[in-house]
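Worksheet: one structure, shown below.
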Amino acid sequence: MKSEPDVYSIDTLASERIGTWEGVRSYQARNHMRAMKRGDLALFYHSSVVPPGVLGVMRIHREAYPDPTQFDPSSPYYDDKSSPSAPRWDRVDVEFVEKLPRLVTLDELKGDPRFADMLVIRRGMRLSVQPVAASDFKAIVASAKKKKR
DNA sequence: GCCAACGTTGGC
DNA sequence: GCCAACGTTGGC
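For the first sequence, the numbering used here assigns the number 179 to the last residue and increments by one with no breaks.
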């Protein structure tokens, strides 16, 4: 799950402990959120920074429910085609698990053949919420916990 | 700031 | 329903 740290960062989530993942306005990303179950783990990816990459782990705390920002005309995430009777967009709540000891950069993922099939490599982080194979998830976290290569 | 990828929109 | 035009996004 990607976020621009200027908007919402792993440190903010660490201080809140429970955060909410709102503002997703892509059907594919929304559908991935709807597939999440409480207790599922997720990687926190920082985008639009140099370098981009993964630097945290969180757990789904509350499964998808309507994102209230879609009904708020003063919100940047307002959607005038949505309504409370027919909500279009969802959010999930997430619980902080850990900040990784170092950033695992996008470059590093691109350079490791084990990750060649990851969506983030194949399609980029344009898809802001995307599924990650358990084996990739574990390998990324393990890599962060080893000393820098 | 630029560009490529790609999702969305609207005219037909 | 098709598809060209357009807008948005993320990486560089």
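Glycine included, C-beta positions come from ideal geometry on N, C-alpha and C.
Keep in mind that this is a model prediction, so the values were computed, not measured.
For residue i, the nearest candidate out of the options (CA to CA)
i           : options          : result
residue 151 : 137, 164, 159    : 137
residue 100 : 93, 92, 112      : 112
residue 120 : 75, 79, 160, 61  : 61
residue 134 : 93, 77, 67       : 77
residue 159 : 141, 91, 122     : 122
residue 75  : 129, 57, 106, 64 : 129
residue 167 : 98, 139, 155, 64 : 139
residue 49  : 67, 155, 105, 91 : 91
residue 67  : 46, 146, 81, 94  : 94
Contact check, residue i vs residue j, beta carbons under 9 Å
i           : j           : result
residue 44  : residue 86  : yes
residue 103 : residue 117 : no
residue 172 : residue 144 : no
residue 148 : residue 88  : no
residue 174 : residue 132 : yes
Environment of residue i [buried if 16+ CB atoms lie within 10 Å]
i           : result
residue 163 : exposed
residue 108 : exposed
residue 225 : For the chain, the structure presents residues 31 to 179; residue 225 sits outside this window and is missing.
residue 165 : exposed
residue 56  : exposed
Rounded Cβ spacing between residue i and residue j (contact assumed at less than 8 Å)
i          : j           : result
residue 51 : residue 127 : Between residue 127 and residue 51 the Cβ distance is about 14 Å, and since that is not below 8 Å, they are no contact.
Worksheet item: Which runs of the alpha helix (DSSP H) spanning at least 4 residues fall entirely within the stretch 38-112, listed in chain order?
Response: 40-46, 57-64
Practice prompt. Enumerate, from N- to C-terminal direction, the unbroken beta strand (DSSP E) stretches of 3 or more residues contained entirely within the stretch 118-157.
Written response: 120-135
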